[in-house]
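Visitor:
In the UniProt record's numbering, the protein residues as written are 1 to 179.
Given below as C-alpha coordinates:
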(Lines of atoms letter the chains of each structure in order from A; the text may use other names.)
(Lines give C-alpha, C1' and ligand atoms only; values in the text may rest on other atoms or scores of the structure.)
Protein backbone atom coordinates (compact mmCIF):
# COMPACT_ATOMS: atom_id res chain seq x y z
CA UNK A 1 0.00 0.00 0.00
CA UNK A 2 1.28 3.45 -0.90
CA UNK A 3 1.91 5.49 2.21
CA UNK A 4 0.87 9.16 2.31
CA UNK A 5 4.49 10.30 2.22
CA UNK A 6 5.35 8.08 -0.76
CA UNK A 7 4.93 9.59 -4.18
CA UNK A 8 5.52 8.53 -7.72
CA UNK A 9 7.86 11.04 -9.30
CA UNK A 10 6.89 11.95 -12.85
CA UNK A 11 9.13 13.84 -15.25
CA UNK A 12 7.10 15.75 -17.83
CA UNK A 13 8.65 16.34 -21.24
CA UNK A 14 7.30 18.58 -23.96
CA UNK A 15 5.39 21.81 -24.28
CA UNK A 16 3.78 21.63 -20.82
CA UNK A 17 6.72 20.04 -19.06
CA UNK A 18 9.88 21.06 -17.31
CA UNK A 19 12.05 19.00 -19.68
CA UNK A 20 12.40 19.55 -23.41
CA UNK A 21 13.37 16.89 -25.91
CA UNK A 22 12.45 16.97 -29.59
CA UNK A 23 10.60 13.82 -30.65
CA UNK A 24 13.03 13.11 -33.50
CA UNK A 25 16.15 13.52 -31.38
CA UNK A 26 17.85 10.11 -30.99
CA UNK A 27 19.33 11.22 -27.66
CA UNK A 28 15.80 11.53 -26.25
CA UNK A 29 15.20 7.84 -26.88
CA UNK A 30 18.57 7.02 -25.35
CA UNK A 31 17.50 8.93 -22.22
CA UNK A 32 14.27 6.92 -22.08
CA UNK A 33 16.12 3.62 -22.31
CA UNK A 34 18.79 4.59 -19.82
CA UNK A 35 16.96 6.60 -17.16
CA UNK A 36 13.34 5.42 -17.06
CA UNK A 37 11.41 2.23 -16.38
CA UNK A 38 7.92 3.52 -17.19
CA UNK A 39 6.44 5.76 -19.87
CA UNK A 40 3.04 7.41 -19.47
CA UNK A 41 1.55 7.04 -22.95
CA UNK A 42 -1.57 9.08 -22.24
CA UNK A 43 -3.43 9.94 -25.42
CA UNK A 44 -5.26 13.21 -26.00
CA UNK A 45 -8.58 11.40 -26.45
CA UNK A 46 -10.21 8.31 -24.99
CA UNK A 47 -11.57 7.01 -28.28
CA UNK A 48 -11.78 3.68 -30.09
CA UNK A 49 -8.55 2.72 -31.85
CA UNK A 50 -6.93 6.05 -30.90
CA UNK A 51 -3.40 4.79 -30.26
CA UNK A 52 -0.54 6.97 -31.47
CA UNK A 53 3.25 7.13 -31.57
CA UNK A 54 3.20 7.78 -27.82
CA UNK A 55 2.61 4.06 -27.45
CA UNK A 56 4.17 2.42 -30.51
CA UNK A 57 7.27 4.54 -31.11
CA UNK A 58 8.03 6.31 -27.83
CA UNK A 59 7.35 3.35 -25.56
CA UNK A 60 6.72 -0.08 -27.10
CA UNK A 61 9.77 0.02 -29.36
CA UNK A 62 11.98 1.08 -26.43
CA UNK A 63 13.11 -0.78 -23.30
CA UNK A 64 10.51 0.94 -21.17
CA UNK A 65 7.10 -0.20 -19.91
CA UNK A 66 4.22 1.88 -21.30
CA UNK A 67 1.38 2.88 -19.01
CA UNK A 68 -1.47 3.61 -21.41
CA UNK A 69 -4.65 5.66 -21.35
CA UNK A 70 -6.73 6.54 -24.38
CA UNK A 71 -8.26 3.75 -26.41
CA UNK A 72 -10.19 0.95 -24.75
CA UNK A 73 -8.24 -2.00 -23.31
CA UNK A 74 -9.55 -4.27 -26.09
CA UNK A 75 -8.12 -1.90 -28.72
CA UNK A 76 -4.67 -2.27 -27.20
CA UNK A 77 -5.16 -6.04 -26.87
CA UNK A 78 -5.91 -6.36 -30.59
CA UNK A 79 -2.75 -4.58 -31.72
CA UNK A 80 -0.09 -4.96 -29.05
CA UNK A 81 1.85 -7.97 -27.79
CA UNK A 82 0.36 -9.70 -24.77
CA UNK A 83 1.54 -8.23 -21.46
CA UNK A 84 3.62 -5.49 -23.12
CA UNK A 85 1.93 -2.54 -21.37
CA UNK A 86 -0.28 -1.59 -18.43
CA UNK A 87 -3.68 0.01 -19.08
CA UNK A 88 -4.91 2.49 -16.45
CA UNK A 89 -8.36 0.89 -16.57
CA UNK A 90 -6.87 -2.14 -14.79
CA UNK A 91 -6.83 0.02 -11.64
CA UNK A 92 -9.57 1.81 -9.72
CA UNK A 93 -7.52 4.96 -9.06
CA UNK A 94 -4.19 6.64 -9.75
CA UNK A 95 -3.13 5.71 -6.22
CA UNK A 96 -3.74 2.01 -6.89
CA UNK A 97 -1.76 2.26 -10.14
CA UNK A 98 1.10 4.03 -8.34
CA UNK A 99 1.17 1.29 -5.71
CA UNK A 100 1.52 -1.34 -8.43
CA UNK A 101 4.27 0.64 -10.17
CA UNK A 102 6.17 0.77 -6.87
CA UNK A 103 5.86 -3.03 -6.65
CA UNK A 104 7.17 -3.39 -10.21
CA UNK A 105 10.02 -1.02 -9.48
CA UNK A 106 11.18 -3.21 -6.59
CA UNK A 107 10.56 -6.60 -8.25
CA UNK A 108 12.84 -7.09 -11.28
CA UNK A 109 11.35 -10.48 -12.17
CA UNK A 110 7.81 -9.11 -12.26
CA UNK A 111 8.92 -5.98 -14.15
CA UNK A 112 10.87 -8.04 -16.70
CA UNK A 113 7.83 -10.27 -17.31
CA UNK A 114 6.40 -7.35 -19.31
CA UNK A 115 9.25 -7.71 -21.82
CA UNK A 116 9.06 -11.47 -22.46
CA UNK A 117 7.27 -10.73 -25.72
CA UNK A 118 10.43 -9.13 -27.14
CA UNK A 119 12.26 -11.48 -29.46
CA UNK A 120 9.08 -13.42 -30.29
CA UNK A 121 8.31 -11.38 -33.38
CA UNK A 122 9.38 -8.31 -35.25
CA UNK A 123 8.49 -4.71 -34.50
CA UNK A 124 7.88 -3.00 -37.82
CA UNK A 125 8.12 0.75 -37.61
CA UNK A 126 6.71 1.90 -40.93
CA UNK A 127 5.81 5.34 -42.04
CA UNK A 128 2.03 5.72 -41.96
CA UNK A 129 1.56 6.83 -45.57
CA UNK A 130 3.88 4.11 -46.87
CA UNK A 131 1.82 1.53 -44.98
CA UNK A 132 -1.42 2.88 -46.49
CA UNK A 133 0.13 2.73 -49.96
CA UNK A 134 1.25 -0.88 -49.42
CA UNK A 135 -2.23 -1.86 -48.23
CA UNK A 136 -3.82 -0.27 -51.29
CA UNK A 137 -1.60 -2.42 -53.52
CA UNK A 138 -2.24 -5.63 -51.56
CA UNK A 139 -5.00 -7.72 -53.17
CA UNK A 140 -5.98 -9.35 -49.84
CA UNK A 141 -7.18 -6.00 -48.49
CA UNK A 142 -9.37 -5.52 -51.55
CA UNK A 143 -11.23 -8.84 -51.15
CA UNK A 144 -13.33 -7.58 -48.21
CA UNK A 145 -13.66 -3.85 -48.76
CA UNK A 146 -15.26 -1.60 -46.15
CA UNK A 147 -16.97 1.67 -46.79
CA UNK A 148 -18.64 4.21 -44.56
CA UNK A 149 -21.43 6.44 -45.87
CA UNK A 150 -20.74 8.95 -43.09
CA UNK A 151 -17.09 9.07 -42.02
CA UNK A 152 -17.86 11.60 -39.28
CA UNK A 153 -20.43 9.25 -37.68
CA UNK A 154 -17.94 6.37 -37.91
CA UNK A 155 -15.10 8.45 -36.46
CA UNK A 156 -17.02 10.41 -33.82
CA UNK A 157 -20.29 8.51 -33.53
CA UNK A 158 -22.09 7.41 -30.41
CA UNK A 159 -19.99 5.09 -28.25
CA UNK A 160 -16.73 5.76 -30.11
CA UNK A 161 -15.24 7.71 -27.20
CA UNK A 162 -15.39 6.63 -23.57
CA UNK A 163 -15.62 8.57 -20.35
CA UNK A 164 -12.60 10.46 -19.09
CA UNK A 165 -12.89 9.08 -15.54
CA UNK A 166 -9.12 9.07 -15.06
CA UNK A 167 -8.89 12.66 -16.22
CA UNK A 168 -11.11 13.71 -13.30
CA UNK A 169 -8.26 13.19 -10.84
CA UNK A 170 -6.39 16.37 -9.99
CA UNK A 171 -2.70 16.79 -9.25
CA UNK A 172 -1.99 18.96 -6.24
CA UNK A 173 1.50 19.66 -4.95
CA UNK A 174 2.93 17.09 -7.40
CA UNK A 175 0.97 14.30 -5.70
CA UNK A 176 -2.01 12.67 -7.39
CA UNK A 177 -4.99 12.71 -5.07
CA UNK A 178 -8.65 11.84 -5.48
CA UNK A 179 -11.01 14.83 -5.74
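Backbone N, C-alpha and C define an ideal beta-carbon position, used for all residues, glycine too.
Grouping DSSP H, G and I as helix and E and B as strand, with all else coil, what is residue 15?
Guide: By 1-based counting over the chain shown, the position of residue 15 is 15. Coil, per DSSP.
Visitor: Need the endpoints of the beta strand (DSSP E) that residue 65 sits in, please.
Guide: For the purposes of this step, residue 65 is taken as the residue at position 65 of the chain shown. Run containing residue 65: 65–69, per the beta strand (DSSP E) assignment.
Visitor: For residue 37, which residues in the same chain have their Cβ closer than 8 Å to its Cβ, ignoring the five residues on either side in sequence?
Guide: Translated into positions along the chain shown, residue 37 becomes position 37. Only 64, 65, 104, 105 and 111 meet the Cβ criterion.
Visitor: If I'm right that residue 39 touches residue 58 with Cβ under 8 Å, what's the distance once you round it to whole angstroms?
Guide: The residue you call residue 39 lines up with position 39 of the chain shown. The residue you call residue 58 lines up with position 58 of the chain shown. Residue 39 to residue 58, Cβ: 6 Å. Contact.
Visitor: Does the pairing of the segment 43–54 with the segment 13–21 give three or more beta-carbon distances under 8 Å?
Guide: Touching, no.
Visitor: Which whole-angstrom value describes the C-beta separation of residue 62 and residue 29, a residue pair presumed to lie in contact below a C-beta threshold of 8 Å?
Guide: Counting from one through the chain shown, the residue named residue 62 turns up at place 62. Counting from one through the chain shown, the residue named residue 29 turns up at place 29. Sure, about 6 Å apart at Cβ, within 8 Å.
Visitor: Assign residue 121 to one of two classes, buried (16 or more other C-beta atoms within 10 Å of its C-beta) or exposed (fewer than that).
Guide: Counting from one through the chain shown, the residue named residue 121 turns up at place 121. It is exposed - the Cβ of residue 121 has fewer than 16 other Cβ atoms within 10 Å.
Visitor: Please report the distance separating the alpha-carbon of residue 33 from that of residue 137.
Guide: For the purposes of this step, residue 33 is identified with residue 33 of the chain shown, where counting begins at 1. For the purposes of this step, residue 137 is identified with residue 137 of the chain shown, where counting begins at 1. Cα to Cα, the separation comes out at about 36 Å.
Visitor: Rounded to the nearest angstrom, what separates residue 143 and residue 55 at their Cα positions?
Guide: Sequence index remark: in the chain shown, residue 143 carries index 143 (1-based). Sequence index remark: in the chain shown, residue 55 carries index 55 (1-based). Taking the straight line joining both Cα atoms gives about 30 Å.
Visitor: Determine the DSSP secondary structure at residue 39, reduced to helix, strand or coil.
Guide: Sequence index remark: in the chain shown, residue 39 carries index 39 (1-based). The answer is strand: DSSP assigns residue 39 an E or B state.
Visitor: Check whether the Cβ atoms of residue 51 and residue 14 lie closer than 8 Å to each other.
Guide: In the chain shown, residue 51 corresponds to position 51, counting from 1. In the chain shown, residue 14 corresponds to position 14, counting from 1. Their beta carbons are not under 8 Å apart, which means residue 51 does not touch residue 14 by this criterion.
Visitor: Using the three-state DSSP reduction, which class does residue 22 fall into: helix, strand or coil?
Guide: Mapped onto the chain shown, residue 22 falls at position 22. DSSP places residue 22 in coil when its eight states are reduced to three.
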